[in-house]
Amino acid sequence: MAEDSGKERNWTTTVIISSSLKSYEISTALENRSYKVRYSDSVEDGSIIFSRSGVAFLLMDANECIMSTEEIFLIKIEKFINLHRNSFLVLSAALHGPQEWRLMFRIQQRFLGSNLRILPVHNTVNAINIMCTIAKTTSKPNIDTICYRMITTKAYIIEQSPVWKTLHKIKLSSDSISPN
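Okay, so the sequence shown: first residue is 1045 according to our numbering, each after it adds one.
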C-alpha cells in the first residue's frame, strides 16, 4: 500500500490547456501539482487535455450557460465531443440547484448516446481532484492494473460463491451455465 501512494505522487503527465485559461486558478493549481502544463491556442476555449491518458475536459460555468443562448454552449460542446474520444464536461457552480440540474438534463438529452460525460463540480479544487483522478486511472499502466484487479476479483467471487458451489454439488456443468 505504501508503494501505491508513492506512485500516486510521482504520476505526472503533460497537460495541454487552452490559452483562455492561462490566468485562471485552475492552470496555476495544475502547475503546483507538478504537471507539465502547456498552453495552446489551437484547442477549444476552456479545454484541458491530459496527453498521457487521452482524456479531455471542457470547463464551463453553469451560470454562464444559463444566462447565454442555449445554442451557443451546445455548439461548443458538440464541437468538443467531435474532437475528443474521451470527453468530459466539467460544469461548475457554487450550488447545483434546480436551474443547474435542468441545464445538465438538457445537455444530457441533447448528447444522449455520445461520448460526453458530465461532471458537476463546486470549485477549482473539486474540479482538479476529479480531473486528475480520471486522467490517472485511465492512463495505460493504471488501467491495466485496474482491469487485472477486476478480473481477479470477479474470479474470486465466482469461485467463493455459495450459488456456484451448490450448482457444482448438484453436478451441473459450468459449461451449460456461464457466469457471464
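Here a beta-carbon is modelled for each residue, glycine too, at the ideal position from N, C-alpha and C.
From the options, residue whose alpha carbon lies closest to that of residue i
i: Ile1125; options: Ala1138, Ile1110, Leu1156, His1140; result: Leu1156
i: Ile1110; options: Phe1094, Ser1136, Cys1191; result: Ser1136
i: Ile1172; options: Lys1066, Ala1073, Tyr1068; result: Ala1073
i: Arg1129; options: Gly1090, Thr1182, Gln1152; result: Thr1182
i: Leu1103; options: Ile1201, Thr1210, Lys1120, Lys1209; result: Lys1120
i: Thr1057; options: Glu1069, Ser1095, Ser1091, Ser1063; result: Ser1095
i: Gly1098; options: Pro1206, Thr1196, Met1175; result: Met1175
i: Lys1123; options: Thr1197, Asn1159, Glu1203, Asp1105; result: Asn1159
i: Asn1062; options: Trp1208, Glu1075, Glu1069, Gly1090; result: Correcting the residue identity first, residue 1062 is Ser in this sequence and not Asn. Among Trp1208, Glu1075, Glu1069, Gly1090, the Cα nearest to that of Ser1062 is on Gly1090.
i: Ile1060; options: Glu1069, Pro1164, Phe1101; result: Phe1101
i: Leu1065; options: Ile1092, Arg1077, Asn1076; result: Ile1092
i: Asn1107; options: Lys1080, Asn1076, Leu1127, Gln1143; result: Gln1143
Check: residue i C-beta below 6 Å from any heavy atom of the ligand MG
i: Ser1063; result: For the ligand MG, the structure offers nothing, since it holds no ligand at all.
Bridge partner(s) assigned by DSSP for residue i
i: Asp1105; result: Ser1136
i: Val1059; result: Val1081, Phe1094
Where the alpha helix (DSSP H) containing residue i begins and where it ends
i: Phe1117; result: 1114-1127
i: Ser1071; result: 1069-1076
i: Phe1155; result: Note, Phe1155: premise wrong, no alpha helix (DSSP H); not H, not E.
i: Lys1180; result: 1168-1181
i: Ile1190; result: 1184-1204
Start and end residues, beta strand (DSSP E) containing residue i
i: Tyr1162; result: Rather than Tyr, the amino acid found at residue 1162 in this sequence is Ile. Where Ile1162 is concerned, the enclosing beta strand (DSSP E) stretches over 1160-1165.
DSSP state of residue i mapped onto helix, strand, coil
i: Ser1131; result: strand
i: Val1099; result: strand
i: Asp1089; result: coil
i: Lys1213; result: helix
Please confirm if the region 1110-1121 is in contact with the region 1077-1086, defined as three or more CB-CB distances below 8 Å between the two stretches. Taking one beta carbon from each stretch, the region 1110-1121 and the region 1077-1086 have fewer than 3 pairs nearer than 8 Å; the two do not touch.
When the Cβ atoms of the region 1176-1193 are set against those of the region 1145-1153, are three or more pairs found closer than 8 Å? The region 1176-1193 is not in contact with the region 1145-1153.
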